[in-house]
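From first to last, the protein sequence lines stand for chains A and B. Take 188 as the starting number for the first sequence in the numbering used here and just add one per residue. Take 188 as the starting number for the second sequence in the numbering used here and just add one per residue.
There are 2 protein chains.
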Amino acid sequence: MRHNFGAGPCILPQEVFKQASQAVLDFKDGLSILEMSHRSPEFEGVMAETTKLVKDLLNVPSGYSVLFLQGGASMQFAMVPMNLLPEGKTAAYLETGVWANKAIKEVKFFGQANIVASSKDANFNFIPKQYSIPEDSAYFHYTSNNTIYGTELFDVPQTKVPVVCDMSSDIMSRVIDVSKFDLIYAGAQKNIGPAGLTVVIVKDEILGKSGRAIPSMLDYKVHIDGGSMYNTPPVFAIYVAMLNLNWLKSKGGVAEIEKENKAKAQALYAEIDRNTLFKGTCAVEDRSIMNVCFVMENPELEKPFAKFADENGFEGLKGHRSVGGFRASIYNALPITSVHALIDLMQEFEEKHKS
Amino acid sequence: MRHNFGAGPCILPQEVFKQASQAVLDFKDGLSILEMSHRSPEFEGVMAETTKLVKDLLNVPSGYSVLFLQGGASMQFAMVPMNLLPEGKTAAYLETGVWANKAIKEVKFFGQANIVASSKDANFNFIPKQYSIPEDSAYFHYTSNNTIYGTELFDVPQTKVPVVCDMSSDIMSRVIDVSKFDLIYAGAQKNIGPAGLTVVIVKDEILGKSGRAIPSMLDYKVHIDGGSMYNTPPVFAIYVAMLNLNWLKSKGGVAEIEKENKAKAQALYAEIDRNTLFKGTCAVEDRSIMNVCFVMENPELEKPFAKFADENGFEGLKGHRSVGGFRASIYNALPITSVHALIDLMQEFEEKHKS
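Listed below in structure tokens is the structure:
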């Protein structure tokens, strides 16, 4: 039995793997999903169903479009200012980690980024809370979950300017109020599907106001008009996203998975706080329910614990190099039994190494 | 038995489907290829092997980089001028179809496109041959195979300016001399792998000369420096490309598949020319060995033939709306037995409908 705590591309439900595997062999009349035309009625059905699943699961209000694009969040770092930031204008950014920082760096090609707050000096181990967003900002951008540091921003910051959010690593993990956002984007490879797909949810009325001429593939309006099929979409990734979102729906949707995710996170953080060998790395009130970062009180025990975990079938527990220690990513598809197994492992390790 | 003549995403070898299906269930130690970290040694091995396969199969000279990107050829329509065309300068384009035209349209965001020749007035049913490429062009761009019209440009046009080629639908189908090109790009979904992957082969020395500040994800140099892993790559699509290129290698490589492709094309064109009911749609000397377009002498027989083909398990034979009639796409993975089956079908239909 293996437990995949990897930060992404990450575990998806076993039944999704089975269904996807079968569709690679035979999706329809003996044809593989990999050889289906994206213009076939069958794939058009997949696209329609996947779109509907995103809308239903997140309760997307009317006036918003759901897009399936390529290039990951990194491409959105450029597409957002390209589409939303008029020449020479300023957008407000909250700097909560390396990914927020990468988003900030892409703004310079289109205008200015105003970093309204940053926790960089504390190695991003908390979410800044006291800051103001200038009302003349073209938009306010933040990262809702910081995979590297294990911090998460749960309450949408209040502002009068359009809110843009990189939700790559916590979309579909908890209930959100989409109406509070003007644009949400997410690389699919955590809670949506496999790598190679990006989901964008955009309020139609904010588009077309930058005054900038935008190449077709970088223009949200072009993709809206094309129903995410302006060009050949990543057929298989969208199909697997459909399977995975159907799994989520069958589990009771986002509200139900949120309960499970919180239960998983609470159990694991409780053990980190209780266990004499481990400690958390970030501010308790900002602890992510997706990525649980922890280190050892005695750094010399890190290698032995890593080895112990590896020998027992635990994958992907190594922390990011900029934080060190360990990171347990506990996305939607990670079963609570894997979390309990990890807790058992930590307790067993404590027994062995108690001073 | 089904015969998939679809124009793309298209048929891949059956053994590739089997191997890909298995890897979705169990790629390594019970983990799916869909849940593998792109930073894992296993996937780094996949990336290295796929890169080597492209280089070996196409005999890519030193001084060139092979990149695996997202966004399809359509994204390249913009990335090419963004990276290669200095502000206000002109690039030469050969207009041989709708895709060439789409590439031309994206140039205006970065400079000017000079259409050196076009076969638009003839609905792109031939490849223009008499034209000159101004020596002060930043580059010359052409489409080597035009899927919609069934035309193909076999000899690289001679010019002193850098040559850029959209090889989406004939890359890996016949031997090419990469040293004659400065940049080759191809959406993967014909002879390389599934949709959601773009292969770029670029001569390193032509980069960094546009004088333009380029967003990271749109800058070839960033992707070269990142080894196509500046951000999360489309893991599964690259893995399937590796399987497919290994299949091609095992068949004897590009020179061997070229013989087979030519045999398939010759057999089918011979039948089109012989059969009293059918006729080809484009100039004989420009006939593509990948997409064979044909119509019926009597248009009233088109629906009955389409129905007859459908009843006999033939998929994807419908011609593009701008040409009409039929299109048999006979990419690498389409077995010659499927071509023979189509020829038999055409002969059987002729017997039934002989006047």
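The C-beta atom is built at its ideal place from N, Cα and C for all residues, glycine as well. Predicted model, so just to flag it, every value in this text is computed and none were measured.
For A278 of chain B, no CB of chain A lies under 9 Å from its own CB, so it is not counted at the interface with that chain. When DSSP reads this structure, T385 of chain B sits in a beta bridge with B:L256, B:G374. Ranking B:E322, B:M483, B:T283, B:I198 by CA distance to the CA of F513 of chain B puts B:M483 first. Within the same chain, Cβ atoms closer than 7 Å to the Cβ of A290 of chain B are found at F264, Y280, H328, D353, the five residues on either side in sequence being excluded.
Counting C-beta pairs closer than 8 Å gives fewer than three between the stretch 380-387 of chain B and the stretch 524-539 of chain B, which falls short of the contact rule. Secondary structure of D497 of chain A (DSSP, three-state): helix.
For the C-beta of V427 of chain B, the chain A residues within less than 8 Å are, from N- to C-terminus, L221. Within the stretch 407-433 of chain A, contact with chain B at the beta-carbon level (separation under 8 Å) is assigned to Y417, N418, T419, P420, P421, V422, F423, A424, V427. N310 of chain B and V362 of chain B have their C-alpha atoms spaced approximately 28 Å apart.
S319 of chain A and P349 of chain B have their alpha carbons spaced roughly 51 Å apart. Separation of the CB atoms of Y251 of chain B and V389 of chain B is rounded to 7 Å, and the pair is thereby assigned contact status at 8 Å. Relative to the Cα of G414 of chain A, the nearest Cα in the group A:N191, A:E447, A:A207, A:H225 belongs to A:H225. Using a Cβ-Cβ cut-off of 9 Å, F341 of chain B does not count as an interface residue toward chain A, since no Cβ of chain A sits closer than that to its own. Contacts with chain B at 9 Å (Cβ-Cβ) do not include G512 of chain A. Assignment of V350 of chain A by DSSP, reduced to helix, strand and coil, places it in the strand class. Residue-level contact check: A493 of chain A does not touch chain B, since none of the beta carbons of chain B fall below 9 Å from its beta carbon. Here E282 of chain B is near A304 of chain B, since their CB atoms are less than 9 Å apart. The beta carbon of M269 of chain B sits closer than 7 Å to those of F297, R399, I401, L405, all from its chain and outside the five residues before and after it, given in chain order. Taking all protein chains shown into account, M188 of chain B has fewer than 16 neighbouring C-beta atoms within 10 Å of its C-beta and is therefore exposed. Our two residues, K377 of chain B and A428 of chain B, have alpha carbons roughly 11 Å apart in a direct line. Taking the Cα of M416 of chain A as reference, the smallest distance to any Cα among A:F230, A:E222, A:S208 is reached at A:F230. Separation of N418 of chain A and K292 of chain B (C-alpha to C-alpha, rounded to the nearest whole angstrom) is 15 Å. The criterion of a C-beta distance shorter than 9 Å is not satisfied by L432 of chain B and F192 of chain B.
Shortest Cα-Cα distance from L394 of chain B to any of B:M266, B:G258, B:H190, B:N301 involves B:M266.
Residue nearest to C469 of chain B within the set B:F492, B:P273, B:L340, B:M359 is B:L340 (criterion: CA-CA distance). Close CB contacts of L199 of chain B within its chain, under the 6 Å cut and outside five residues either way in sequence, are with N431, A520 (chain order). In this chain, M416 of chain A is not harboured by any beta strand (DSSP E), its DSSP state being neither H nor E. At a cut-off of 9 Å between beta-carbon atoms, E502 of chain B makes contact with chain A. In the assembly as shown, V294 of chain B is a buried residue. Its beta-carbon has 16 or more other beta-carbons within 10 Å. Its chain contains I523 as the residues whose beta carbon lies nearer than 7 Å to that of E447 of chain B, once the 5 sequence neighbours on both sides are disregarded; these appear in chain order. When the beta-carbon positions are compared, I425 of chain A and G374 of chain A stay at least 9 Å from each other. Closest option to Q299 of chain A, judged by alpha-carbon separation, among A:E274, A:V211, A:W286, A:N333: A:E274.
A check of alpha carbon separations from R474 of chain B across B:G217, B:E537, B:D497, B:K449 identifies B:K449 as the nearest. Among the CB atoms of chain B, none fall inside 9 Å of the CB of M359 of chain A. In terms of beta-carbon proximity, S208 of chain B lines the interface with chain A, with at least one pair separated by less than 9 Å.
The stretch 431-468 of chain B is shown to contain whole alpha helix (DSSP H) runs of 4 or more residues at 441-461, in chain order.
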